[in-house]
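A quick write-up on the structure given underneath.
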Amino acid sequence: MDRRSFFGRVKSSPFKSFVYPPYYDKKEDFLKCLECESKDCLLACKEKIINTENGYPILDFSSSGCTFCDECAYACPKGILSIVNKKETINAQMIINPKKCIAWNQTICFSCQDICEEYAIIYKGMFNPVIDLDKCTGCGFCVSVCPTDAIEIKTL
13 MDRRSFFGRV KSSPFKSFVY PPYYDKKEDF LKCLECESKD CLLACKEKII
63 NTENGYPILD FSSSGCTFCD ECAYACPKGI LSIVNKKETI NAQMIINPKK
113 CIAWNQTICF SCQDICEEYA IIYKGMFNPV IDLDKCTGCG FCVSVCPTDA
163 IEIKTL
């Protein structure tokens, strides 16, 4: 395999930078989702954050976050999302962009900290929020409440 073929293959991976529900074993298992016509996992999500991208279930934190309620796993007819594979975190890491964050720019705001049930957002001083990655589950609730979209998502 030549260099161009190798990098072309890496670039075209269907599992690139998406955030997936926390109930899968291997990303490759999502190939079975392409055969699923029911999309029951989308309907089961009470927070309505599961959407599809090219046939794969992905999480969209623009309006809410994941409560880890297990409903999508119970609803999955193919068993790709399974309670057996439940993880304590989502394949995402939240990062606060200081240039966009109004707290970092000297305006009092605790929106992200107030909604975080894991107490993963701490303030260094009055205006400098940071995310404690050891506590953060990647649930995404902080993303949906940020008034300036300062919380960015890095997929793992």
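In this text, residue positions in the sequence shown follow my numbering: the first is 13, and each later residue adds one. Cβ atoms here follow ideal geometry from the backbone N, Cα and C, with glycine treated the same way. Here the structure is a predicted model, which is why all the values come from computation and not from measurement.
(message) Tell me the DSSP secondary structure of Ile195 in three-state form.
(response) Any property of residue 195 remains undetermined from this structure, which presents the chain solely from 13 to 168.
(request) Specify the secondary structure class of Tyr86 as computed by DSSP and reduced to three states. (result) helix
(request) Can you give me the Cβ contacts of Pro159 inside the same chain, cut-off strictly under 8 Å, excluding the 5 residues immediately before and after it? (result) Ile114, Cys121 and Ser123
(message) Looking only at its chain, what residues have a beta carbon closer than 7 Å to the beta carbon of Ser17, apart from the 5 residues adjacent to it on each side?
(response) Caution applies to Ser17, whose pLDDT of 48 falls short of 50 and renders its modelled position unreliable; the model cannot decide the point.
(request) Would you grab the beta carbon distance between Cys45 and Gly67 for me? Rounded to a whole angstrom, and I think it's under 8 Å. (result) 6 Å
(message) Out of Phe153, Phe42, Asp146 and Gln125, which one is the CA nearest neighbour of Lys136?
(response) For Lys136, the closest C-alpha among the options Phe153, Phe42, Asp146 and Gln125 is that of Gln125.
(message) Less than 6 Å between C-beta atoms, sequence neighbours within five positions excluded: which residues of the same chain meet that for Pro110?
(response) Trp116
(message) Give me the residue from Val157, Glu130 and Asp161 with the minimum Cα distance to Phe80.
(response) Glu130
(message) Can you tell me whether Gln118 is helix, strand or coil according to DSSP?
(response) coil
(message) Going by DSSP in three states, Asn140 sits in which element: helix, strand or coil?
(response) In the structure shown, Asn140 sits in coil (DSSP, three-state: anything other than H, G, I, E or B).
(request) Check whether the Cβ atoms of Ala87 and Cys48 sit closer than 8 Å, and answer yes or no. (result) no
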